[in-house]
Each structure stands twice: as structure tokens, then as C-alpha cells.
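Presented below is the structure to which this report refers.
Residue numbers (UniProt numbering): 1 to 182.
Now the structure itself:
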């Protein structure tokens, strides 16, 4: 006889549809089922850095390529090809979205824990996020190999230039210092 009318708030709505409440899990599923930026670029291009990494334990292989804008030293385009499980594909896809527009220094500071946390990867799949971290660092390193004058980071998070040490000169200086001291 008596009927109560009410509307569902955001919490109640999320309780009825669990995927709405868990955004990162939804992000992981979306990145796995509909990966973004799949493809490849020409390895020979000077402004392209290529990282190819693999995990022998599970057989996953990840190729990540970045195109760098020389003027701003930012990543203007990213492509990947991953042969592996859904978590490896999701990690690659998420990483491409994350690094686009970043400087090489910022991209070099990305850690696998950020990727794993955002995608809610279980502990047994953490190696997939480690592959993604290794792939971006390898791609940046390859870019710097092709463009040594643009190098300004050592990929460990320090933003100072790498010191250029002449081994023969350093050896001569240490020998002369030992001779004067002894």
C-alpha cells in the first residue's frame, strides 16, 4: 500500500555496480581489453628511442618506442608491442598514456610501484610493471645513445649531467698523487 520513493546516491550506486567503485581495477581491465598506442615506429629515426625488454621467467616481451621533441625534450609520441599476459599489456598501455608529454627526466623517474598500484596488480604480476619500468628506461637510454648531446639525466632520478671521466687521465693523476705522498 505504502511505497517509499528514493534516489540512489553515489555510494549506493557503486554498491550495486562494483566496477564503478573500483576505478583502478576498471582501468586495468580497460587497458588490457582495449590497449592504447599499440604499434611501432621506425628504429632508424634519430628522434626515436627503442626499448626491448623481456622476462625469462614468464616469457613476456615488451617493445616500447618513444618519439622525442628535440626543442622541448619531451615525449611527443609513444608506441608499444607486448607479447605476454594481460597484466603486461595493461602495464604497457598505461605507461604509454602516462609518459606522453613528460620530459625524459620525468619519464626516467617512473617506478614500477606506481604502475602496479594504479592498475591494482597482484603480487604475482609485479614483474609486468617492472618490465614497463625497464622498457621506458631502455628506450630513453637508446635515445641518448643516438643523441648524446641531449643527455641530461642518468635514469636514477638525478637530474644533473653525467660526468665525463677520462680513465687514463684519472689514473695518471692518482699515480702522481701517490708518488708525491710517498
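The beta-carbon is built from N, C-alpha and C at its ideal position, and this holds for glycine as well.
Rounded to whole angstroms, what's the CA-CA distance from residue 83 to residue 140? Just pull it up for me.
-> 21 Å
CB contact flag (residue 126, residue 135, <8 Å) = no
Mapping DSSP to helix, strand and coil, what is residue 141?
-> helix
Shortest alpha-carbon distance to residue 110 belongs to which of 90, 122 and 96?
-> 96
With residue 46 and residue 142 assumed to form a contact (beta carbons below 8 Å), what rounded beta-carbon distance in angstroms separates them?
-> Not confirmed; about 11 Å, so no contact.
For residue 133, which of 103, 49, 64 and 56 has the nearest alpha-carbon?
-> 64
Would you report the Cα separation of residue 113 and residue 94, rounded to the nearest angstrom?
-> 13 Å
Note down, in chain order, each residue of its chain lying with its Cβ closer than 8 Å to the Cβ of residue 74, except the 5 sequence neighbours on either side.
-> 68, 101, 102, 103 and 104
So the alpha helix (DSSP H) residue 55 belongs to, where does it begin and stop?
-> Unbroken run through residue 55 is the beta strand (DSSP E), 48-55; no alpha helix (DSSP H).
Using DSSP bridges, identify the partner residues of residue 67.
-> 48 and 77
Spatial neighbours of residue 40 within its chain, please: CB distance less than 8 Å, with the 5 preceding and 5 following residues excluded, ordered by chain position.
-> 63, 65, 79 and 81
Which whole-angstrom value describes the C-beta separation of residue 129 and residue 91, a residue pair presumed to lie in contact below a C-beta threshold of 8 Å?
-> 5 Å
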